[in-house]
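Peer 1:
In our numbering, the protein residues as written are 4 to 268.
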């Protein structure tokens, strides 16, 4: 049976990347390049709830000589320095998945204070050079808006994927909502660049990991950013089923939010 969003399926995806002519980069490696490399894949993982699954994915990648970036929150279930150090020792990057404008309830000055405090908490255990916002679909604030007033470079940060990547030249693929399809269930995880949107339209209908695997095999696109949330991928049926139910319920709520925002005026 061909079941999607399992760790075995993720391994197949990674094997496809490993057998292709693509090279993987961490975001730190990519942002440090003077000229953006071609034929590369940026593997990104937003670790929202499950650091243990992130560790399993990191081991799969390491065995296949792939590198990726794991953006971790400061929640109790995710902020586990021993995992950060083990994942980094495999050659991967640990980044800070910040949500400080949400925590500060929209107060930008308070949000930047929290950002500095949490960044320092990470740096007690691991070097942090890139950060990526966490997008809570049920929050009215967009966490990356703190950079409208402040500059992340003042904190020794060299890049933020939503702000620092040139999406005219990068195909962005995400499993948000437990599907690769670009459906109306993405509230915060949205790239608004018009050229990027045109590029993604050229890809056609993509919804499954097998579709992503076939796209990588074709090697038509020189740069791909691929976001896979560790929460989505499981090795046990009970966990897999629980995530399926949770994401379907969340997708209903997110679709309602998007409909409301489009029609409220």
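Backbone N, C-alpha and C define an ideal beta-carbon position, used for all residues, glycine too.
Quick caveat, the model's predicted, so the values are computed rather than measured.
Count the other CB atoms within 10 Å of the CB of residue 115; is the residue buried (16 or more) or exposed (fewer)?
Peer 2: Translated into positions along the chain shown, residue 115 becomes position 112. When all chains shown are included, residue 115 counts as buried.
Peer 1: Tell me which same chain residues have a C-beta within less than 8 Å of the C-beta of residue 23, skipping the five on either side of it?
Peer 2: Counted from its first residue, the chain shown places residue 23 at position 20. The residues are 219, 220, 222.
Peer 1: Would you give the residue range spanned by the alpha helix (DSSP H) that residue 234 belongs to?
Peer 2: Along the chain shown, read from residue 1 onward, the residue named residue 234 stands at position 231. Looking at the DSSP string, residue 234 is not in any alpha helix (DSSP H), and its letter there is neither H nor E.
Peer 1: What are the boundary residues of the beta strand (DSSP E) that residue 49 is part of?
Peer 2: Along the chain shown, read from residue 1 onward, the residue named residue 49 stands at position 46. Element bounds for residue 49: 43-50.
Peer 1: Beta-carbon within less than 7 Å of residue 19's beta-carbon, same chain only, minus the 5 sequence neighbours each way: which residues are those?
Peer 2: Working through the chain shown from its first residue, we reach residue 19 at position 16. The residues are 216, 219, 220.
Peer 1: For residue 237 and residue 177, what's the separation of their Cα atoms in angstroms?
Peer 2: Translated into the one-based positions of the chain shown, residue 237 becomes position 234. Translated into the one-based positions of the chain shown, residue 177 becomes position 174. So the alpha carbons of these two residues sit roughly 17 Å apart.
Peer 1: Helix, strand or coil for residue 138 per DSSP?
Peer 2: Mapped onto the chain shown, residue 138 falls at position 135. Correct three-state label for residue 138: coil.
Peer 1: By the three-class DSSP mapping on this structure, what secondary structure does residue 119 have?
Peer 2: Counting from one through the chain shown, the residue named residue 119 turns up at place 116. It is helical.
Peer 1: Give the list of continuous alpha helix (DSSP H) stretches no shorter than 4 residues that lie fully inside the segment 146-183.
Peer 2: Entirely contained in the segment 146-183, the alpha helix (DSSP H) runs reaching 4 residues are, in chain order, 164-167.
Peer 1: Please name the residue, chosen from 46, 15, 139, that lies closest to residue 231 on a Cα-to-Cα basis.
Peer 2: Residue 231 sits at position 228 when you count from the first residue of the chain shown. Nearest of 46, 15, 139 to residue 231, Cα basis: 46.
Peer 1: By the three-class DSSP mapping on this structure, what secondary structure does residue 80 have?
Peer 2: Along the chain shown, read from residue 1 onward, the residue named residue 80 stands at position 77. In this structure, residue 80 counts as coil in the three-state DSSP scheme.
Peer 1: Are the CB atoms of residue 83 and residue 44 nearer to each other than 8 Å?
Peer 2: Residue numbering aside, residue 83 sits at position 80 when the chain shown is read from its first letter. Residue numbering aside, residue 44 sits at position 41 when the chain shown is read from its first letter. No, the Cβ-Cβ distance between residue 83 and residue 44 is not below 8 Å.
Peer 1: Per DSSP, residue 101 forms a beta bridge with which residues?
Peer 2: For the purposes of this step, residue 101 is taken as the residue at position 98 of the chain shown. Beta-bridge pairing links residue 101 to 136.
Peer 1: So for residue 73, helix, strand or coil by DSSP?
Peer 2: Looking up residue 73 in the chain shown gives position 70. In this structure, residue 73 counts as strand in the three-state DSSP scheme.
Peer 1: Could you give the distance in angstroms between the alpha-carbon of residue 63 and the alpha-carbon of residue 30?
Peer 2: Within the chain shown, the letter at position 60 stands for residue 63. Within the chain shown, the letter at position 27 stands for residue 30. Approximately 19 Å, taken between the alpha carbons.
Peer 1: Let me know if residue 6 comes out buried or exposed under the rule of 16 or more other beta-carbons within 10 Å of its beta-carbon.
Peer 2: Looking up residue 6 in the chain shown gives position 3. With fewer than 16 other Cβ atoms from the protein chains shown falling within 10 Å of its own Cβ, residue 6 counts as exposed.
Peer 1: Using the C-alpha atoms, what's the distance from residue 208 back to residue 201?
Peer 2: Along the chain shown, read from residue 1 onward, the residue named residue 201 stands at position 198. Along the chain shown, read from residue 1 onward, the residue named residue 208 stands at position 205. Residue confidence for residue 201 is low, a pLDDT of 49 falling below 50, so the modelled location carries little weight; the figure read from the coordinates is stated next. Those two C-alpha atoms are separated by around 13 Å.
Peer 1: If contacts are defined as beta-carbon pairs under 8 Å, then residue 161 and residue 35 qualify, I think. What distance do you get, rounded to the angstrom?
Peer 2: Here residue 161 is taken as the residue at index 158 of the chain shown, counted from 1. Here residue 35 is taken as the residue at index 32 of the chain shown, counted from 1. Taking C-beta atoms under 8 Å as the contact rule, residue 161 and residue 35 qualify, at a distance of about 7 Å.
Peer 1: Would you mind sorting residue 164 into buried or exposed? The rule is 16 or more other CB atoms within 10 Å of its CB.
Peer 2: In the chain shown, counting from the first residue as 1, residue 164 sits at position 161. The residue is buried, with at least 16 neighbouring Cβ atoms inside 10 Å.
Peer 1: Would you report the Cα separation of residue 48 and residue 72, rounded to the nearest angstrom?
Peer 2: Start at 1 with the first residue of the chain shown, and residue 48 comes out as number 45. Start at 1 with the first residue of the chain shown, and residue 72 comes out as number 69. Approximately 6 Å, taken between the alpha carbons.
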